[in-house]
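So in UniProt numbering, spot 278 of the sequence shown is number 278, and the numbers just go up one at a time.
We put the CB at the ideal spot given by N, CA and C, even for glycine.
Here the structure is a predicted model, which means the values were calculated and not measured.
One structure below.
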Amino acid sequence: MRDYNRVSTIVVGGGPAGLAAAITLKKLKPDAEICVVDKAHAPGNHNLSGAAVEPEILEEFLDMAMPQWREDENIQNVLQRRIDKDLICFFMNEKCKISMSLPLKIAKMLKLGLGSMMHKDDYMISISKLTELMSKIACEAGIEVIHGFSIRDIIYKDGKAAGIVIGEQGLSREGEKQPNYLPPEEIYADTIILAEGCDGLLTETFVEKAGLTREAQQLYSVGVKEVIRVSDDQYQAFGSGSCVHAMGYPIFSIFKGPRIFGGGMMYAMDKNHIAVGMITALDWKDCNFNPQDALTHFKNIPFVHQYISDGVVAEAGAKMIPEGGWLAVPRDLETGSIGKANVILIGDSAGFVNMQKIKGIHNAVKSGMLAGKAIAAKINEPTAAAVEYTKLVEQSSIAKEMKTAQNYRQTIAKFGMILGLPLSVIGNILPKWKIEPDYKTMKETKYRLKHYKEFDKDTFTALACTQHREEEPCHLQIRDPGICMEQCDPKFGSPCITFCPAGVYETISGQTKPANPSNCLHCKTCQRKCPYDNIRWVTPEGGGGPRYTNM
């Protein structure tokens, strides 16, 4: 890279949203100089999802980006599976399963939001592979896609965003320059697209600095996922087009608890591979809860276990999901824009996940396409880009479906699962509830299904292939160690040690520390669930973190 560079548009984040934005803009304005910067080592390395993807928007994007895509072997390999068997169920316990298909079909007939939870005919994909494919399309279109660089900050000139700063590399743990030191670099641009994904550091810093506000509290969940290699017979029995979403046990029980929003999932992947995962809302109350324990219980349910018993976990990972919905999208107070002036927020950075559908990739791609169109339309007036983009979003399928689901997650958070779930059906006509942030919900109660055996986080982390340079400065900062020792540990038992999926935190000489920062999966659960809001995730060196290939 050059020490100094200038482009038309910088995209921060090389996931489906950011790449869709870059490709759309390049197709509309072939002369535009576009740079996509991503902190992962390679395309798709930091992308994890289920994933079921609605076909219409993805096909619309591919028709624009690569008209002959139906004849392209690489694309067909990524999109080879469509869901033909869609099971949505509720587990009363490990043995009692109730199908929810009929009530959901009725909800769909009545045009209620919950009816959109059906997934039949959706593409069933690896988002890592989709991202890798989109990155290749972007490069072939003449877009500069750079991996292995973390963005530290936005450059401001005369009160306006003017570019980005790529963080320095090669510092010691104490912050001293090493022989491999690389100084910060600046890239200037007319427009900036923030596509970092959930809880992006640059995005949240910009939201605060630009004075953007959310009508409702952003809420989060964390998903933990394993891709398991199974036998021919198991894979055939499950079905190459099968998808399972399950609520209830082991994270919700009507009578005894726990009562955590979320559920388990199963997806057919490449031949002889089945993805199994658990999504849990971060507003859980039990101080000793670990989502990986819930995943273990889910895998041991006989219905699930029959398809994965004696299987070998080939890959594993964790990722946070923004659940707050339409009301939690950050906007400019003056203009209502999703972003401000020449800075646009898209995908999970904006919060375009529809938790009623349990989907967000289609909205991520669509928002990227709309961002590209908005910047192309305002190429000579970049400070009007965010307003133009917001106008397009408001007129799109994103706004239509997100408004239908608005207040869904907040209603459940407000009233709990037993009352909140049925009320959420009409959540879009209910008042806007004031909800506490996730970190404030923790109690001294215990998760009653705590597994007798500690989850093997070392193996889980190894299967995520995560790595950071051991000598680099720690990117996980405890703001006040005294709070850990004097308040958190005595009351809650240092829950970050339990819930961190990578085993980053340990108690050393009576003090809780991020003892293993090189294990970090970049899920940022610790930043949003520490009960004293006492942990901050800051920019690590580029190229670190997980290296997902089939997640």
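Item, Value
"Can you have a look at Tyr4 and say buried or exposed, based on whether 16 or more other CB atoms are within 10 angstroms of its CB?", "Residue placement at Tyr4 is flagged as unreliable, the pLDDT there being 45, under the threshold of 50; the coordinate-derived value follows with that caveat. Exposed, because fewer than 16 other Cβ atoms sit within 10 Å of the Cβ of Tyr4."
"Select from Gly545, Gln511 and Met551 the residue whose C-alpha is nearest the C-alpha of His41.", "Gly545"
"In this structure, does DSSP put Ser242 in helix, strand or coil?", "strand"
"I need the straight-line Cα distance from Asp489 to Pro495, nearest angstrom please.", "8 Å"
"Rounded to whole angstroms, what is the Cα-Cα separation between Val538 and Phe499?", "19 Å"
"Just to confirm the assignment, what range does the beta strand (DSSP E) spanning Ile478 have?", "Leu476 to Ile478"
"By Cβ distance, which residues of its chain are closer than 7 Å to Thr203, with the 5 residues on each side in sequence left out?", "Leu194, Glu196, Leu345 and Ser349"
"In angstroms with no decimal places, state the Cα-to-Cα distance between Gly167 and Pro184.", "5 Å"
"To the nearest angstrom, report how far apart Leu28 and Cys35 are at their CA atoms.", "16 Å"
"Look at the alpha carbon of Gly44 and the alpha carbon of Asp38, and state the distance between them as a whole number of angstroms.", "10 Å"
"Buried or exposed for residue 567, please, with buried defined as at least 16 other CB atoms from any protein chain shown within 10 angstroms of its CB.", "Only positions 1 to 551 of the chain appear in this structure, which leaves residue 567 out of reach."
"Quick one: complete alpha helix (DSSP H) runs, 4+ long, within the stretch 84–120?", "101–109"
"Express the C-alpha separation of Asn550 and Ser126 in angstroms, rounding to a whole number.", "5 Å"
"Going by DSSP, what residue range makes up the alpha helix (DSSP H) through Glu56?", "Pro55 to Ala65"
"If you drop the 5 nearest sequence neighbours on each side, which residues of the same chain put their C-beta closer than 6 Å to that of Ala65?", "Ile23 and Ile137"
"Kindly indicate which three-state DSSP category Glu226 falls into: helix, strand or coil?", "strand"
"Please check the pair His451 and Pro540, which I expect to be a contact at CB under 8 Å, by giving their CB distance rounded to whole angstroms.", "At roughly 31 Å, the Cβ-Cβ gap does not stay under 8 Å, so His451 and Pro540 are not in contact."
"Tell me whether the stretch 458–467 and the stretch 306–318 touch, counting them as touching only if at least three CB pairs, one residue from each stretch, are closer than 8 Å.", "yes"
"If we ignore side chains and look at the alpha-carbon of each, how far apart do Ile254 and Gly416 end up?", "11 Å"
"Measure the beta-carbon distance from Met124 to Ile83 and round it to whole angstroms, keeping in mind my assumption that it falls under 8 Å.", "5 Å"
"Do the stretch 222–236 and the stretch 273–284 make contact, defined as three or more Cβ pairs closer than 8 Å?", "yes"
"Can you find a heavy atom of the ligand GDP that lies under 6 Å from the Cβ of Met417?", "With respect to the ligand GDP, the structure offers nothing, as it holds no ligand at all."
"Does Asp320 come out as helix, strand or coil in the three-state DSSP assignment?", "Inspection of the sequence shows that residue 320 is occupied by Met rather than by Asp. Correct three-state label for Met320: strand."
"Which same chain residues, not among the five before or five after His522, have their C-beta less than 7 Å away from its C-beta?", "His46, Gly545 and Pro546"
"From this set, Met320, Thr383, Ile398 and Gly311, which residue's C-alpha is nearest Ser354's C-alpha?", "The residue asked about is misnamed: residue 354 is Asn in this sequence, not Ser. It is Ile398."
"Go through the stretch 183–221 residue by residue and report every complete run of the beta strand (DSSP E) that reaches 3 residues or more, in order.", "185–194"
"So Gly347 and Val329 are in contact, right, with Cβ under 8 Å, and what is the actual spacing, rounded?", "Between Val329 and Gly347 the Cβ distance is about 11 Å, and since that is not below 8 Å, they are no contact."
"Could you check the C-alpha separation between Asn77 and Pro322 for me, to the nearest Å?", "29 Å"
"What residues are listed by DSSP as bridge partners for Asp38?", "His147"
"Whose CA, out of Pro517, Leu327, Leu333 and Met269, lies closest to the CA of Leu79?", "Met269"
"By the 10 Å Cβ neighbour count, where 16 or more other Cβ atoms means buried, how is Asp158 classified, buried or exposed?", "exposed"
"Relative to the C-alpha of Cys530, which residue among Ile478, Ser518, His362 and Ala515 is closest?", "Ile478"
"Output the boundary residues of the alpha helix (DSSP H) element that contains Glu381.", "Here Glu381 belongs to no alpha helix (DSSP H), and DSSP marks it neither H nor E."
"Taking Pro501 as the reference, which of Thr507, Ala384 and Asp456 has the closest Cα?", "Asp456"
"What whole-angstrom Cβ distance do Glu471 and Arg173 have, given they're in contact under 8 Å?", "6 Å"
"Pairing CB atoms from the stretch 106–121 with CB atoms from the stretch 354–365, are three or more of them under 8 Å?", "yes"
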